[in-house]
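> Here the sequence shown is numbered in the UniProt record's numbering, starting from 1 and rising by one per residue.
Take this structure, written in structure tokens, and hold onto it; I'll ask about it next.
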Amino acid sequence: MADGEWSPGCSAIVSVREQSEVRVTSGEDFVKHRSSSGLQTINRSLSSTSVLAAHQQQLACLTTLTEKMVKTLQSLRLPSSETTSPPLVSAPQTPLPNPPIASPHLAYPEKFDDMPAKGKGFLLQCSLFVTQQPALYPTEESRIAYVCSLLTGKALDWATAVWNLSRPAFPSFETFLQCFKAVFDYPERGEGAGEQILSLHQGKSSAAEYALAFRMLAAQTGWPDDPKLHFRKGLSHELQAELAYRDEGKTLDELIDLAVHIDNLICSRRPNRSSTFRLPNPPSIPEQEAMQVGHTRLTPEERNRCFQLNLCLYCSESGHMKASCPSRPIQRTSSAVSQSLNTSKSVAISVSITFSEEQIFTTALIDSGAAGNFIDVNFAESHGLPLIPCKSPLTVAALDGRPLGGSRVQHTTCDIHLTTGALHTESIRFFIIQAPNNPVILGLPWLQLHEPQISWTEGQITQWSDKCLTQSLQTPKPKLLEAATVKLDSPNAVKISPEYYNLAEAFSKTKATQLPPHRPSDCATELLPGTTPPKGRIFPLSQPETDSMKAYIEEELAKGFIAPSTSPASAGFFFVKKKDGSLRPCIDFRGLNEITVKYRYPLPLVPPALEQLCSAKYFTKLDLRNAYNLIRIREGDEWKTAFSTTSGHYEYRVMPFGLVNSPSVFQAFINDVFRDMLGRWVIIYMDDILIYSNSLETHITHVRAVLLRLISHQLYAKAEKCEFHQTSTTFLGYVVSPERVAMNDRKVQAVLNWPRPTNIKELQRFLGFANFYRFWWPSLRSDTIAFVKNCVICNISKSSKQLPAGLLQPLPIPQRPWSHIAIDFVTDLPLSNGYTTILTVIDRFSKSCRLIPLPKLPTALETVEALCEFVFRFYGLPDDIVSDRGSQFTSRVWTAFFKCLNVSISLTSGYHPESNGQTERLNQEITRFLRSYCHHNQSDWSKFLFWAEYAQNSLHKPSTGLTPFQCVLEFQPLLFPWSGEPSDLPAVNDWLRSSEATWNAAHTHLQHAIRRQKELADRHRRPNSEFIPGSWVWLSTRGLRL
């Protein structure tokens, strides 16, 4: 083949080497060809100039060679019709076909022990590795073996156990993976991820970070194919506004790409934007801009370009106009002659607004660039905040003084309570504007008034000023800039009737927070003799609780209500969370209250108090401010109220909550103040004062007298909770009107809607709320009694509260010893020399006893044999035997045996053990005696049994006045088998008469004892009903086998 020519069968890849060689590949043939221009190899010894010239010559030759190759390739034609002709090369820039790509080289998977967090990644790496290496792992078993070779620890132990159990252990590689996942890959909780994705928000993170978190959660939960709606809802408001003017695409990926692209453009205009991302627990507050943000004006060239391209004149973006630009700052209210503020700062905090006993939780924007305090008109209307017209409407102006949209501030709110944090409360008025993005705005006047220290990076108020706690309780007048100053109405005009404007001192918030003077009614804390206040422990507090504790201590110290202490006493300080999530400080005075002498001053009874209102037509209700704090601790008792915190040791100078005598002290004090008015036109229950009169003129006089009395005693009412000249009002949970006293419908409805208590704490909470309500109707008592008497179920199922029926019927007194005996068993004793049971036999006349040990509970025949061996052979056969209804004594063997011996059998009635009370009592004494002697070794009780019997027979019996030995033998230990017949010998008769006298004395004592026992027993019993044969009676089935 000549130089510069190509074989017509060549169709492959051309590569150029450093030596300017051309390699043409066509399957198996490789043709090596040098260019016709005669290129020579350049030696390393040439100079740099020569090398450069040589390279230029080579490039020219390569260009010529390439052109020839292209022409040759275009002229190629395959002779075979079965072979598809290659595509024509139209230009030298078109890429040529690539050589066959070899299998990619994958990294080896890391070894796996038993960490569930790495299970998914490990299986993915192994699956990819064996799939890309089919030559190395052609069979299912080889792939399983490869994965098993990477296991260690508990994972290897599991694989070894499964492998040794049966081979092959798994029919396929997929089966092995499923078993592996079931053991080591703990499944993700889709519910938790689903909840997170529903509450996921972009916050201050970038769109790319938000999209990554969204996709991860969506993959865990198996999210639907079209979750665009939820993705858009989590974006920032700025991005949502930008997407509203654009075609967001049909798929989630297109929407994410577009959102990331727009967010990058926005970030380019905000180089210092924070990009920290947080999952929404707690939910992140969307990034807010200040009310006044310096914005550079567009140059004439940029303005013309925006007009030509129909772009926004504020942000130079397309899809919206300047009036609706989402990047514009919030409008600012200022005077036309106000100074321009080039920069401002803002931060969002959580606040609560209280008005008319309704608490509203929202977010307030602290904006140093706002010239006043503002609230959104829609927010005010939706929550029913009363609006007051402004005397001089204000203009909403921009920084340069230009009016914005012709908006004018024409209304303000009335005085409302604003709570910032846990304890900072103030009374404030707001100007009404349109600010839907920020319903509450605290501007420069608020910052100037309180001078708080704000961490702009963390978005929190770190510390209040020294004078803040006093100023926050005053009614601040909104400060406007010079020409825009508005003179507001009197702050009390909203709540106080005009008749009492000259007595506004009675409603002063400032004076209510001042330290009250000492009075004779100061709270005294008298301790029980010989006691000292205990030392309480310091409770650990969380970080929010610590911050609230510091704020509380600073506030109370500033008001003078507490002071640093060196007291040896100490009580714990802790917090209790309210329903709204705020914290209530509490002092653990339980130890002090236990040793305090109680002051039992009575609190008023509500029903008698309400009876005084029968002729009243006008009502005024006053509520005292800081009621307990209006009373001082008695001088010298402050040290007893000391409490400890992590920041120091303090004691109260005013009466705190938690002292046992606080309610009584306050009620006694307030009653002394209004002693001459109580019961005439004033009702007082703790800090609630109700003034009532039958005419308006008289009522005004009464109210003025009460207000003057409050001022003279340095007591102050809370204006926002007071009601004046009402014909109907609520007091102590009741609705009071001239016609009647009714229950409060709101509280009744709250009781009806109260959820059913499920635990003791919920039940206590319910009873504490509704314990003063009683459902009543006329003839309630008689109707209830009649209903219960006629209720069949009640009469059948209720337990009887009557005394047991039937009076005590004593057993007849025997005539001689051992003629009437009683028997019983003591069972289930520890094994002692083969014995576990004691047969107790007692003589009902002399109270003499026999204690017979037995190996077990005997049968009827064995019991008879024991009696014959240990009793009858010494004392003869008895006339009567008393026993319970044990199986031995109710058997036919027992009945037949003693019937043959002419011995009567007396069985006690069911569930009446007192019928055989002597043996029951003897059993108790015997067991107590044995425990005293063998408590160290209970298996020795049988050794002491005969001593127990001897002791019982030697014991003096109150019923006979003698010991059993004296009653039976007259001297010990001889037996006395006298039949009662006289003897011919005088000495014998004398001895027998002496013995008989002894028995008679014992018999007399027994009769006296029986009468005494009957008298005592009948005190707790009632006479039984008279029954005759054929009467129908109720029969108890207890103990009967039905």
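We treat Cβ as the ideally placed atom computed from N, Cα and C, and that holds for glycine.
All figures in this text were calculated on a predicted structure; none of them were measured in a lab.
Unbroken alpha helix (DSSP H) runs of length 4 or more, entirely within the UniProt domain "Integrase catalytic" (813-972): which are they?
860-867, 892-900, 917-934, 945-954, 964-968
> Mapping DSSP to helix, strand and coil, what is G119?
Start at 1 with the first residue of the sequence shown, and residue 119 comes out as number 119. Three-state DSSP puts G119 in a helix.
> Which stretch, first to last residue, makes up the beta strand (DSSP E) that contains Y618?
Indexing the sequence shown from 1 puts residue 618 at position 618. It spans 618-623 - the beta strand (DSSP E) in which Y618 sits, taken as one unbroken run.
> When the distance is taken between beta carbons, is N923 closer than 9 Å to V841?
Translated into the one-based positions of the sequence shown, residue 841 becomes position 841. Translated into the one-based positions of the sequence shown, residue 923 becomes position 923. Going by C-beta atoms, V841 is not nearer than 9 Å to N923.
> Can you list, in chain order, the residues of its chain whose CB lies under 6 Å from that of E920, leaving out five sequence neighbours each side?
Here residue 920 refers to the residue found at position 920 when the sequence shown is read from its first residue. Excluding sequence neighbours, E920 sits near P913.
> Just the C-alpha distance for K598 and L592, rounded to the nearest angstrom, thanks.
As a position in the sequence shown, residue 598 is number 598, starting the count at 1. As a position in the sequence shown, residue 592 is number 592, starting the count at 1. Taking the straight line joining both Cα atoms gives about 11 Å.
> Quick check: what's the CA-CA separation for P280 versus N438?
Position 280 of the sequence shown, counted from the first residue, corresponds to residue 280. Position 438 of the sequence shown, counted from the first residue, corresponds to residue 438. In this prediction, P280 has a pLDDT of 40, which is less than 50 and means its spatial position is unreliable; what the coordinates show is noted afterwards. The alpha-carbon atoms of P280 and N438 are separated by roughly 21 Å.
> Just the C-alpha distance for Q809 and A987, rounded to the nearest angstrom, thanks.
Against the sequence shown, residue 809 aligns to sequence position 809. Against the sequence shown, residue 987 aligns to sequence position 987. About 41 Å.
> By the 10 Å Cβ neighbour count, where 16 or more other Cβ atoms means buried, how is Q359 classified, buried or exposed?
One-based indexing of the sequence shown puts residue 359 at position 359. Classification of Q359: exposed, given that the 10 Å Cβ count is below 16.
> Could you tell me whether the segment 828-847 touches the segment 942-950, using the rule of 3 or more Cβ pairs below 8 Å?
yes
> What is the DSSP secondary structure of T363, reduced to helix, strand or coil?
Position 363 of the sequence shown, counting from 1, holds the residue named residue 363. Three-state result, T363: strand.
> Going by other Cβ atoms of all chains shown within 10 Å of its Cβ, with 16 needed for buried, is P1029 buried or exposed?
On the sequence shown, residue 1029 is found 1029 positions in, with the first residue counted as 1. Looking at its Cβ environment, which holds fewer than 16 other Cβ atoms inside 10 Å, P1029 is exposed.
> Once the 5 residues before and after residue 1043 are set aside, which same chain residues still bring their CB inside 8 Å of it?
In the structure displayed, the chain extends from 1 to 1042; residue 1043 sits before or after that span and is not available.
> If we ignore side chains and look at the alpha-carbon of each, how far apart do S392 and Q410 end up?
Here residue 392 refers to the residue found at position 392 of the sequence shown. Here residue 410 refers to the residue found at position 410 of the sequence shown. Using only the alpha carbons, I get a separation of about 8 Å.
> Please go through the same chain and pick out, in chain order, the residues whose beta-carbon is closer than 6 Å to the beta-carbon of A571, but skip the five residues on each side of it.
Taking the sequence shown and counting its residues from 1, one reaches residue 571 at position 571. Taking C-beta separations shorter than 6 Å and ignoring five residues to either side along the sequence, the partners of A571 in its chain run G536, I587, D588, F589, F643, following chain order.
> How is S693 classed by DSSP in three states: helix, strand or coil?
By one-based count along the sequence shown, residue 693 stands at place 693. Here S693 sits in strand by DSSP.
> Take W158 and list the residues in its own chain whose beta-carbon comes closer than 7 Å to its own, dropping the five residues that flank it on each side.
Your numbering for residue 158 matches position 158 in the sequence shown. Closer than 7 Å at the Cβ level, and outside the excluded window around W158, lie V183.
> What are the complete beta strand (DSSP E) segments, minimum 3 residues, inside the segment 610-687?
For the beta strand (DSSP E) assignment, the uninterrupted runs of no fewer than 3 residues enclosed by the segment 610-687 are, from N- to C-terminal side, 618-623, 643-645, 648-652, 682-685.
> Just tell me which of S368, T425, F872, T412 has its CA closest to the CA of S352.
Along the sequence shown, one-based indexing puts residue 352 at 352. Of the candidates S368, T425, F872, T412, the one whose C-alpha sits nearest the C-alpha of S352 is T425.
> DSSP three-state label for P476, please.
Here residue 476 corresponds to residue number 476 of the sequence shown, with the count starting at 1. Because the pLDDT of P476 is 35, which lies under 50, any placement of that residue in the model is unreliable, and the question is left without a value.
> State buried or exposed for T513, treating a residue as buried only when at least 16 other CB atoms are found within 10 Å of its CB.
Start at 1 with the first residue of the sequence shown, and residue 513 comes out as number 513. Classification of T513: buried, given that the 10 Å Cβ count is 16 or more.
> Between which two residues does the alpha helix (DSSP H) containing S548 stretch?
Taking the sequence shown and counting its residues from 1, the one referred to as residue 548 is at position 548. 543-559 is the extent of the alpha helix (DSSP H) around S548.
> Bridge partners of C794, per DSSP?
Residue mapping note: residue 794 aligns to position 794 of the sequence shown, counting from 1. DSSP lists no partner for C794.
> Could you tell me the alpha carbon to alpha carbon distance between T531 and L659, rounded to whole angstroms?
Within the sequence shown, residue 531 is the residue found at index 531, counting from 1. Within the sequence shown, residue 659 is the residue found at index 659, counting from 1. Distance between the alpha carbons of T531 and L659 is about 17 Å.
> Per DSSP, C523 is paired with what?
Taking the sequence shown and counting its residues from 1, the one referred to as residue 523 is at position 523. DSSP lists I633 as partners of C523.
> Can you check which of these residues, T960, L239, T927, is closest to E949 by C-alpha distance?
Numbered from its first residue, the sequence shown carries residue 949 at position 949. Cα-wise, what sits closest to E949 is T927.
> Within 10 angstroms of its Cβ, does S172 collect 16 or more other Cβ (buried), or is it exposed?
Within the sequence shown, the letter at position 172 stands for residue 172. The residue is exposed, with fewer than 16 neighbouring Cβ atoms inside 10 Å.
> What residues in its chain sit with their C-beta under 6 Å from that of F574, if we drop five residues either side in the sequence?
In the sequence shown, residue 574 corresponds to position 574, counting from 1. Hits under 6 Å: F539, C586.
> Could you work out which residue in L715, F379, V347 is closest to G369 when comparing CA atoms only?
Here residue 369 corresponds to residue number 369 of the sequence shown, with the count starting at 1. Comparing Cα positions, the closest option is V347.
> Along the alpha helix (DSSP H) that carries Q749, what are the first and last residues, could you check?
As a first step, residue 749 must be located in the sequence shown, where it is residue number 749. Where Q749 is concerned, the enclosing alpha helix (DSSP H) stretches over 745-752.
> Whole angstroms are fine: how far does the CA of T363 sit from the CA of I262?
By one-based count along the sequence shown, residue 262 stands at place 262. By one-based count along the sequence shown, residue 363 stands at place 363. Approximately 28 Å between the Cα atoms of the pair.
> Which whole-angstrom value describes the C-beta separation of I375 and T413, a residue pair presumed to lie in contact below a C-beta threshold of 8 Å?
Here residue 375 corresponds to residue number 375 of the sequence shown, with the count starting at 1. Here residue 413 corresponds to residue number 413 of the sequence shown, with the count starting at 1. Confirmed, about 6 Å.
> In terms of DSSP beta bridges, what is S206 paired with?
Residue mapping note: residue 206 aligns to position 206 of the sequence shown, counting from 1. DSSP output for S206 lists no bridge partner at all.
> Since Y501 sits in a beta bridge, which residues does DSSP pair it with?
To locate residue 501, count along the sequence shown from 1; it is residue 501. According to DSSP, Y501 bridges with nothing at all.
> Go through its chain and collect everything with a Cβ distance to L690's Cβ below 6 Å, but skip five positions before and after it.
Residue mapping note: residue 690 aligns to position 690 of the sequence shown, counting from 1. Same-chain partners within the cutoff: K621, I683, F731.
> Do the segment 852-867 and the segment 885-894 make contact, defined as three or more Cβ pairs closer than 8 Å?
The segment 852-867, when compared against the segment 885-894, does touch it at the 8 Å Cβ threshold.
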